[in-house]
Amino acid sequence: MGRVIKSFEVAGEAFIYTFAVGKVYSGEVVADIIEHDGVFKLFNRKDELITEIHLPVI
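Sequential numbering of the sequence shown, starting at -8, is according to the numbering used here.
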């Protein structure tokens, strides 16, 4: 079972990007973010997967 979250931030070398419910990503509005085993899945309003983001464990 995954964990539903509202937002998370990713720090790059020169930027910080926030993924959040309601923001546009890849041309679609993010309706849900589910985290499971370090993988963040972003879904649109139709419950279709927009993308998966795999972050390294620190």
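For each residue, glycine too, the CB sits at the ideal point set by N, CA and C.
Excluding its 5 nearest sequence neighbours in each direction, residue 13 has C-beta neighbours in its own chain below 7 Å: 20 and 21, listed in chain order. Per DSSP, residue 6 is not a residue of any beta strand (DSSP E), being assigned neither H nor E. Within the same chain, Cβ atoms closer than 8 Å to the Cβ of residue 35 are found at 19, 20, 21, 22 and 41, the five residues on either side in sequence being excluded. Less than 8 Å separates the beta-carbon of residue -5 from that of residue 25.
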